[in-house]
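This report refers to the structure that appears directly beneath it.
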Amino acid sequence: MDIPALLNPMTNDLLSFLISASLITAYHLFLRHKIKINPAYTVQSVNMIARTAWVETIMQDEKNGVLAVQTLRNSTMAATFLASTSMLLIIGVLTLSEQGEKLEAHWHALNMIGAINPMLWMVKLLLLLLDLFVAFFSFSMSIRIYNHVGFMINVPLRLNHKMLTPAHVATHLNRAGYFYSLGMRSYYYLIPLVFWLFGPHFMLAATTVMLIVLYRIDRAPEIMTMNFSDID
């Protein structure tokens, strides 16, 4: 490939998107590898362990029913708020797409190496919409499963129902937590996509900063990691 082709604005946008997506993918593969070595490497994995232990504690004592309902209500309210926020952002992106011709010149004022193309602009907005719809679906699924767990967790163990054991209920609760985490990830990925509207170089910079921040907040505290390592 010759130098002029490398300097093509459309090529710069495409390469920036591929590099950004590759960095994000590599980061999550790195986390998965670390979790296989140490199950308590990330906050998310520690939360799964904590939710499992919490369900077992709640279901062993019927007096904890009110505590279970209050805790699940708080989780449901948080997911509801975030799902509603994603719908508002979807409406905002749709409004932005209608005013694209008026705003393109202002948004591309700092776009020094990227392409200024109406079709590419719409592709960027479509990716934003796709990301927000994933967030909305994830939070909605989280709410749905939290509601199911609210019924399951209050069934007395003395009934000996095979499908309502603490392990089974904990699996549902961790699935709700997974969808909640997926929705939050979708929110995080909005950062490079939004900066891509200003130019591909902003997208790469935003991706780098986002991954550095994610690594710091995903990592479980060292004391917690050491404790689980001692158990193994």
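Last residue of the sequence shown: 232 in UniProt numbering, with the numbers rising by one and none dropped.
C-beta: ideal position from N, C-alpha, C; glycine also.
Bear in mind the structure is a predicted one, so any value in this text is a computation, not a measurement.
Those residues which DSSP pairs with residue i across a bridge
i, result
"Thr42", "Arg219"
Short Cβ contact (8 Å threshold) for residue i with residue j
i, j, result
"Ser140", "Ser186", "no"
"Val55", "Val169", "yes"
"Ala220", "Tyr41", "yes"
"Lys124", "Leu197", "yes"
"Gly150", "Leu82", "no"
"residue 239", "Ile35", "With the chain running from 1 to 232 in the structure shown, residue 239 is simply not present."
"Ser142", "Ala79", "yes"
"Asn147", "Thr76", "yes"
"Met210", "Leu120", "no"
"Leu193", "Leu128", "yes"
"Ile58", "Ile153", "yes"
"Asp61", "Pro200", "no"
"Phe179", "Ile145", "yes"
Backbone secondary structure at residue i - three-state DSSP
i, result
"Tyr189", "helix"
"His161", "coil"
"Asn8", "coil"
"Pro156", "coil"
"Gly199", "coil"
"Asp61", "coil"
Residue i: first and last residue of the uninterrupted alpha helix (DSSP H) it sits in
i, result
"Thr71", "Gly65 to Glu98"
Residue i: CB within 7 Å of a non-hydrogen atom of the ligand ADP
i, result
"Pro200", "Summarising the ligand content, the structure contains no ligands, and the ligand ADP is consequently not present."
field: At least 3 beta-carbon pairs within less than 8 Å: the segment 211 to 224 vs the segment 171 to 181
entry: In short, these stretches do not touch, since the Cβ pair count stays below three.
field: Inter-stretch contact at 8 Å, needing at least 3 Cβ pairs: the segment 159 to 169 / the segment 117 to 134
entry: By the Cβ criterion, the segment 159 to 169 is not in contact with the segment 117 to 134, since fewer than three pairs of Cβ atoms, one from each stretch, lie closer than 8 Å.
contact_flag[the segment 190 to 210, the segment 6 to 23] where n(CB pairs < 8 Å) is 3 or more: Cβ pair count under 8 Å is three or more, so yes.
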